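Residue numbers (the numbering used here), protein chains in the order written: chain Z, 1 to 823; chain Y, 1001 to 1312.
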Amino acid sequence: MKNITEKDKQDELIKPMTERARKLKDTLWWKHTRGGEYVEKGVKAGIERARYMTQSFKETDGEEWVIRRAKALANVLDNMTIFIKDHELLVGDHAEKPNLMPIYQESNYFLNIDLLNSPYCPDEKEEFREIAEWWKPHTLQAKAEKYIDEEEKELQSANASMESPGYLTGYSSPTPSYESVFEDGLEGRIERIEKKLKEAQDEFLHQNPWNGPEAMTLPKKMDEWKAMLIADKAVIRWAKRYARLARYMAEEEKNPKRKEELLMIADICDHVPAKPCRGFRDAVQAQWFTYLIVQSLERYGSGMSCKMDTMWWPYYKRSVIDKAEQPMTREEAVELVVLHRLKVSEHGVIKSRLYREIHAGANDLFIITIGGVEPDGSNGCNELTNVILEAAATAMTTEPSLGLRWHENMPELTARYAYECIKRGLGFPSIKNDEVAINSLVQGFGSGTLSIQDARRWALCLCMSPGPTGRHGGLRTRWACSSYTGKCLELALSDGYDYSYTDMQIGPKTGDPTKFKTFDDLLQAYKIQYQHVHSAITRSRDLTRYLEAKFYQSPFLSSLDDECVERGLDGIEWDEFCNPWFNVMDDVVVADSLAAVKKLVFEEKKYTMEQLVKALRANWEGYEEMRLDFWNAPKWGNDDDYVDDVTKNLFRYHSLELQQNTNLFGAHPKPLPQHVAIYWTLGPRIGATPNGRRHGEVLDDGGSSPYIGCDKKGPTAVLNSCAKIDYSLQKGCLLNQKLDHNVMNSDKGFPLWFAYMKTWHKLGIDHVQFNVCDHEQLRDAQKHPEKYPDLIVRVAGYSARFIDLSVYAQDTIIARTEQELAG
Amino acid sequence: MLKIPLITEIQRYCANDGPGIRTVIFFKGCSLNCPWCHNPECKSPKVDIYYHEDKCQHCGRCIENCPQGAISWRSPKKEAILIDKEKCNKCLKCVEGCPFKALEKVGQALAFEQIVDEALRDKPFYETSNGGVTLSGGDPLFFPEFSLKLLKKFKAEMIHTAVETSGYSKWEILKEITKYTDLFLYDLKCMDSIKHKDVIGVDNRLILDNLKRLSALKANIRIRVPVIPRFNDNKENFSLMVDYLQALQNPTIAVDLLPFHNSAEKKYTQLGLNYIYRGEPFMEKEQVEWIENFLEKNNITTTIGGLIGVEK
Ligand code: SF4
Ligand code: SF4
């Protein structure tokens, strides 16, 4: 008799996809990009959002901008084409057809021009040309350009030392309060807002004696409330359009089972988001509707910031456990979550070429947060946490990604579900240390503080950055940007001159590097370059935020937030708990480089600064022997105190220098060392570096992950190195780890991994995520992509389908994997 | 006098050389001479040189640098070099002088403290995984006093210890080592003494006797059997093994069958050593299943591929 092995136990956890889900998955329109282009033919922009927004804006000339925004949204929702696909139970889309995506013509006129000349232009090209023309002076970009000069413009848009500014990209990641939709329903919100508006009108018209400074804050608030009301009512009407469509389709439907389903859809869409949710089906549909508006129709927003297992739990419990309302089985619940995943998978964004490159292999970034502790500190992992993980392992889609908050008393069963996802190569859940994140949130950023209870309600705003959630959660949209420290180092070694990419003096003059006498001289120059870049992006971020508050309001998002409603504020303006960060990139390349220079130039004196500068300018050509010396110098990730000290200090002053900046809310941004797929796109932008890397080769893959091929002592040594970083100074810190495919699939896989994770947690490391790939399989997939439509690899803060990656990116991943097997 | 071993590697995060997450210390030196050895760099107790042909840029500097004139071009095309082992006195001038790191020294004389420091670094991982440190090689029993000292130190640090050995050692030494060893990974290659001596160079009687005594002391023992084509993969050998194991005073934990693989081929090439199994195909799991079945039938717990599957 065969014993039941560890492996059998695990395989039993995950059931295959249902027939319905499989059919829907097979006919999905993936919006993934590759090499800066959309992979699937026929994926393009739809005109309707742009059309109906513009139509409305033309009619509302002279009204307050926030009202115009609300009316424009209403016009889109009242008129856009809607549809329900065969087999669907969860409905709602962001464009008129499943292959299309909406356009955000109001953010950036470059993007509009780019779109007009790209294969992704809507079929109604002439109409869009007119729309783009009309919007040009009203775009955020045009508004921002009034405040900057040519030099600043070049620095900002060169993309050599920093990500393009927000007023060019329109990039954001909101955290809506789903709870207020679930608990109050939009009708409840409307009641609340009407009350506020009424009170304010009374106050304004009857104040006696008149108190100007106070009373004159009211007109702006009244506009905001009016806009919220317009938006909320429009969203209810829009959902009811789906109800009508479903009912109409039910009448026509021959199949009695499908007919019943359509009637159920109609019932749900009539009910939510207008009224409070009754059960799990309501809650899933209400979340999806809300998400579509906040992150796709009102404006573009990335991420899917929410604590999903907490947020849905009361409804899950009512339906699945108590069977009180909308009763269903656990299997049905898993299917519904799978359908939700498929909805997200078909979602996409028309974006600039840069973002199409940065998010290679993905349609956008969607990260859902689960696990962690409850506000009272007890274990917050529940059955729904496991259901969400199971749905991910079942559906095998890259989106949405999951972030698991790992706390001290992590239940073994939840860990097993997480392991099942990782083992299958999904690359997620990405795992965050709950205690570290809570601690960082409680500390705050210099603008307001969070109570520990509120901090415990955190979810990832985007890939890596925790922010509070709930009915009043602080900053509702992202205040962040990315900077490239590899370039800062290059500039420190070239007196501020960018010789490798823009051929311009983009940094301050920090002195002739060949005259540096000590390691500190070099560090000093580096710090000045670093500060220069970070002051500039703080400026551009603040300017964006200032303009967004005037011309890019989100009345619907704001209407869901209790504080915004209370204070008549737009989500953009809400300042109390500002949550600012910068994605600081290439830091490990910089750390390895600094350590190598310290050792070989300033301590052993094997080479001079002059030789180094020459070799770097020559891209190491003709200096191979020297390059190998620098390449073989101590490297981060091997538990080697020499280089680990350099790294630790680098992370420290990255934080201290950054916090010298104060943003418009009075907060000090913290660094978040991580990369998206930027480490590929940056390769050509950053010249040779003293860690032995050549110009064009990739940067490190993010945060505290060792440079490719440099972690020679295995995963435990990597963790020991990482444990030396002071995470309280960072907003977060990404760590990519590789796991051996064979061990993962053996009986010993789970117990070993679980032990490893316990140690990881005990060491107080902020984050970890895993790639599990068999390099033979990857090589084969490169040759025969058709055989591997579902092969998923972890890229950085997200996962991608391997076949969607460029050959260059594929090679990098294969190199990373082979290193693991050799090690 | 304490014989100090050279160490070829201290490998962390090992999963197959004992329970949990382990650090394995590879000693250089062994009393046996198995022609299939998977760690040929650990056979000789002396320093060796790896020649990485793929890194070599054929600059000829090593040839110039060698005071013994031991290095020459392998052919007039100057595509690779050749080290004459007879002439070489291991002065390592060639290694130091190679600009492209194509020559590598194998075997480091590490201080006792240095080894201990490296092994203790992963202590937090041993604690959560019930892992520890494994002495391997080569054969740690080739350096008995040093091994004993290390094991004592690890036990004082409350770390689980394992010793991977051929068992070829004086009993007095092994007896002492047993006190500080939580698990033996004990190699049994072949039951036939004559064949053993013919192929491996030493008799197996001492090995078998030691195992008997270890068992009498109730040591925890896993038997490791490298299954080598045409050498020990026959019924007779395993029948004898069953008889022998069943006669032990206390049963061993399990037998781990390690099917032959030739992944060490590259190392033989780099060392410039002859390897009789060049091109020999990997042995598939299916080819050794009959042994597993046979041993299991005789109530001996058996695994294929070592400790993966240890829950059995
Ligand atoms: S010195 Fe190194 S690179 Fe040059 S020939 Fe010798 S082994 Fe090859
Ligand atoms: S070790 Fe010394 S003697 Fe041997 S080959 Fe190298 S240089 Fe020549």
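Glycine residues also receive a C-beta, built at the ideal position from the N, C-alpha and C atoms. Note that the structure is predicted; figures quoted are calculated from it, not measured.
- [ ] In angstroms with no decimal places, state the Cα-to-Cα distance between Gln-55 of chain Z and Ile-350 of chain Z.
- [x] 21 Å
Task: Cα-Cα separation, Arg-51 of chain Z to Phe-128 of chain Z - done: 8 Å
- [ ] Run the proximity test for Gly-1097 of chain Y: is its beta-carbon closer than 7 Å to any non-hydrogen atom belonging to ligand 1?
- [x] yes
TODO: Label His-767 of chain Z either buried or exposed according to how many other C-beta atoms from any shown protein chain fall within 10 Å of its C-beta, with 16 as the threshold for buried.
DONE: buried
Open item on the list: I'd like to know if the region 591 to 598 of chain Z and the region 629 to 642 of chain Z are in contact, where contact means that at least 3 CB-CB pairs between them fall below 8 Å.
Closed with: yes
Task: Residues of the region 708 to 731 of chain Z with Cβ closer than 7 Å to any Cβ of chain Y, in chain order - done: Lys-713, Gly-714, Pro-715, Thr-716, Ala-717, Asn-720
Open item on the list: When you measure from the CB of Gln-660 of chain Z to every non-hydrogen atom of ligand 2, does any distance come out below 7 Å?
Closed with: no
Task: Where the beta strand (DSSP E) through Ala-1162 of chain Y begins and ends - done: 1160 to 1165
Task: Backbone CA spacing between Met-17 of chain Z and Val-320 of chain Z [nearest angstrom] - done: 19 Å
- [ ] Give every residue of the same chain whose Cβ lies closer than 8 Å to the Cβ of Gly-666 of chain Z, excluding the five residues on either side of it in the sequence, and list them in chain order.
- [x] Gly-446, Ser-447, Asp-575, Cys-578
- [ ] Quick one: which residues of the region 1091 to 1123 of chain Y get their C-beta closer than 8 Å to a C-beta of chain Z? List them in chain order.
- [x] Pro-1099, Phe-1100, Lys-1101, Arg-1121, Asp-1122
Open item on the list: Which residues does DSSP list as the beta-bridge partners of Lys-1087 of chain Y?
Closed with: DSSP, once it has assigned bridges, lists no residue as partnering Lys-1087 of chain Y.
- [ ] State the DSSP-derived secondary structure class of Lys-44 of chain Z, mapped to helix, strand or coil.
- [x] strand
Open item on the list: Please report whether the beta-carbon of Leu-413 of chain Z lies at a distance below 8 Å from any beta-carbon of chain A.
Closed with: Reference to chain A is not applicable here, since the protein chains of this structure are Z and Y.
Open item on the list: Using beta carbons (cut-off 8 Å, strictly below), is Ala-1216 of chain Y in contact with chain Z?
Closed with: no
Task: Contact under 8 Å by Cβ, Gln-207 of chain Z with Arg-281 of chain Z - done: no
- [ ] Starting from the Cα of Arg-1205 of chain Y, find the closest Cα among Y:Pro-1124, Y:Ile-1194, Y:Ile-1300 and give me that residue.
- [x] Y:Ile-1194
TODO: State the start and end residues of the unbroken alpha helix (DSSP H) segment that holds Ile-113 of chain Z.
DONE: 109 to 116
Open item on the list: Could you check whether the region 1056 to 1073 of chain Y touches the region 1232 to 1249 of chain Y, counting it as contact only if at least three pairs of C-beta atoms, one from each stretch, sit closer than 8 Å?
Closed with: no
Task: Short-range partners of chain Y found in the region 753 to 769 of chain Z, where Cβ spacing is below 7 Å - done: Ala-755, Tyr-756, Lys-758, Thr-759, Lys-762, Leu-763
Task: Given Pro-684 of chain Z as reference, the closest of Z:Gly-486, Z:Trp-65, Z:Tyr-242 once Cα atoms are compared - done: Z:Gly-486
TODO: Report yes or no: is there a C-beta of chain Z within less than 8 Å of the C-beta of Arg-1222 of chain Y?
DONE: no
TODO: Report the option in Z:Leu-292, Z:Lys-731, Z:Tyr-727, Z:Asp-780 whose CA atom is closest to the CA atom of His-761 of chain Z.
DONE: Z:Tyr-727
Open item on the list: Within 10 Å of its beta-carbon, does His-347 of chain Z have 16 or more other beta-carbons around it, so buried, or fewer, so exposed?
Closed with: buried
Task: C-beta contact flag for Lys-731 of chain Z and Tyr-653 of chain Z at 8 Å - done: no
- [ ] Let me know the secondary structure DSSP gives Glu-183 of chain Z once reduced to three states.
- [x] helix
Task: Test item: CB-CB of Lys-669 of chain Z and Asn-663 of chain Z under 8 Å - done: One point to set straight first is that residue 669 of chain Z is Pro, not Lys, in the sequence displayed. Going by C-beta atoms, Pro-669 of chain Z is nearer than 8 Å to Asn-663 of chain Z.
Task: Quiz: which residues have CB nearer than 6 Å to ligand 1 non-hydrogen atoms - done: Y:Cys-1056, Y:Gln-1057, Y:His-1058, Y:Cys-1059, Y:Gly-1060, Y:Arg-1061, Y:Cys-1062, Y:Ile-1081, Y:Cys-1098, Y:Phe-1100, Y:Ala-1102, Y:Leu-1103
Task: Beta carbon of Asp-364 of chain Z nearer than 8 Å to that of Tyr-484 of chain Z - done: no
Task: For Gly-507 of chain Z, the nearest candidate out of Z:Phe-516, Z:Pro-513, Z:Tyr-497, Z:Thr-514 (CA to CA) - done: Z:Tyr-497
- [ ] Express the C-alpha separation of Arg-1012 of chain Y and Cys-461 of chain Z in angstroms, rounding to a whole number.
- [x] 36 Å
Task: Same chain only: Cβ atoms within 6 Å of Ile-1177 of chain Y, ignoring 5 sequence neighbours per side - done: Leu-1148
Open item on the list: Which residues in chain Y have a C-beta closer than 9 Å to the C-beta of Asn-632 of chain Z? List them in chain order.
Closed with: Lys-1101
- [ ] Return yes when the Cβ of Leu-263 of chain Z is within less than 8 Å of the Cβ of Arg-244 of chain Z, no when it is not.
- [x] no
TODO: Consider the Cβ of Gly-1069 of chain Y: report whether some Cβ of chain Z lies at a distance smaller than 8 Å.
DONE: no
Open item on the list: Is there a Cβ of chain Y sitting closer than 8 Å to that of Leu-628 of chain Z, yes or no?
Closed with: yes
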